[in-house]
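This report refers to the structure that appears directly beneath it.
So this is what it looks like as structure tokens:
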């Protein structure tokens, strides 16, 4: 009797915000999942995303090619979600977004993987002043060179329970009497993490054309100013917004370049915030958007209240409309 063994998917960076969503979807589809992370001891929570033994964290560092090879051995599908928002020590944009991405692509090809899906970021092709963006764009090129059948996905700013940006702004609104605003007229197209995760899994399964770069955005384009107002409304907070010139913002970022703490802002992030983050006309014309996956984008107003309530003055007992009726904190 021949025993059927489900396909194996290796997900680099699979313990984070987007990664856990992808791992859970892979597990629900019946795949075995190998979560490749630098610290497997901190990725134990991923085991509960599948049945017993279905999801296994393994050690891998994108700066160590031997560990990458071990992580992709026997995998039919490889997904790379590794990325950093700021540099520190050996974790540089060049090492992670370019060298690491290339190493994973080469290893996936050598291991005979059927598919490779690589995460990038929306707007990296136009944010030419940003080191982060330039490294992400260079990484895309390296991936497609080493694994021509790869799929590259550029999501816009993602929202959903456990996200970074919306939760950070909600936290700051608790303590800041005035909310600083960089690039108030820059445009964003926030996209729901669940939509992005589904697109990654579908791409790994071969549901879309390969060798292409897909741009994922939500159903609405908003300015940074409007986005901040939405966040404050969902958090039940009333705060004036203070636009900061990029030069001043970069000066305020200087201490974070010296102090051994996670930076609230960096000079490079300022450059990113000054650039539009929306799906391009070319991607829409070529059908390289969520439409290619048959996914209808989820609106912010249907998701934000489900987790931003915790930033309201009285938590879940606070009314959603406090921010607009003058009684918000």
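Numbering (the working numbering), first residue to last: 176 to 504.
C-beta: ideal position from N, C-alpha, C; glycine also.
Whole-angstrom distance between residue j and residue i, CA atom to CA atom
i	j	result
residue 337	residue 191	9 Å
residue 399	residue 380	35 Å
residue 320	residue 290	14 Å
residue 168	residue 314	Only positions 176 to 504 of the chain appear in this structure, which leaves residue 168 out of reach.
residue 330	residue 206	24 Å
residue 275	residue 195	21 Å
residue 235	residue 218	12 Å
residue 397	residue 403	10 Å
residue 479	residue 335	7 Å
residue 472	residue 466	9 Å
residue 395	residue 301	20 Å
residue 262	residue 312	17 Å
residue 458	residue 364	14 Å
residue 200	residue 223	12 Å
residue 462	residue 401	28 Å
residue 422	residue 488	34 Å
residue 355	residue 424	9 Å
residue 382	residue 460	19 Å
residue 455	residue 348	32 Å
residue 343	residue 437	12 Å
residue 186	residue 392	22 Å
residue 204	residue 413	43 Å
residue 268	residue 464	26 Å
residue 439	residue 264	18 Å
residue 490	residue 449	33 Å
Exposure label - residue i; buried when at least 16 CB within 10 Å
i	result
residue 469	exposed
residue 350	exposed
residue 216	exposed
residue 390	buried
residue 373	buried
residue 317	buried
residue 411	buried
residue 441	buried
residue 408	buried
residue 378	buried
residue 188	buried
residue 303	exposed
residue 426	exposed
residue 140	Nothing can be reported for residue 140: it is not among the residues displayed for the chain, which extend from 176 to 504.
residue 481	exposed
residue 193	buried
Pair within 7 Å by beta-carbon distance, residue i and residue j
i	j	result
residue 233	residue 209	yes
residue 453	residue 357	no
residue 310	residue 273	yes
residue 308	residue 294	no
residue 353	residue 415	yes
residue 260	residue 486	no
residue 384	residue 451	no
residue 225	residue 246	no
residue 341	residue 406	yes
residue 292	residue 326	yes
residue 240	residue 296	no
residue 243	residue 280	no
residue 197	residue 375	yes
residue 386	residue 324	yes
residue 227	residue 221	no
residue 418	residue 359	yes
Beta-carbon proximity list for residue i, same chain, < 8 Å, skipping 5 on both sides
i	result
residue 249	183 and 286
residue 251	182, 183, 184, 288, 289 and 290
residue 213	234, 235 and 236
Neighbourhood of residue i by C-beta, 6 Å cutoff - its chain only, sequence neighbours within 5 removed
i	result
residue 305	443, 446 and 447
residue 483	345, 409 and 410
residue 474	394
residue 388	327
residue 266	259
residue 211	185, 187, 233, 235 and 246
Chain-order list of residues whose beta-carbon lies under 7 Å from that of residue i (same chain, five-residue window excluded)
i	result
residue 180	none
residue 339	192
residue 176	For residue 176, the predicted model reports a pLDDT of 49, less than 50, meaning its position is unreliable and no value from the coordinates is stated.
CB contact check: residue i to chain B, cutoff 7 Å
i	result
residue 478	Going by chain labels, chain B is absent from the structure shown, which holds only one protein chain.
Do the region 365 to 383 and the region 411 to 431 make contact, defined as three or more Cβ pairs closer than 8 Å? no
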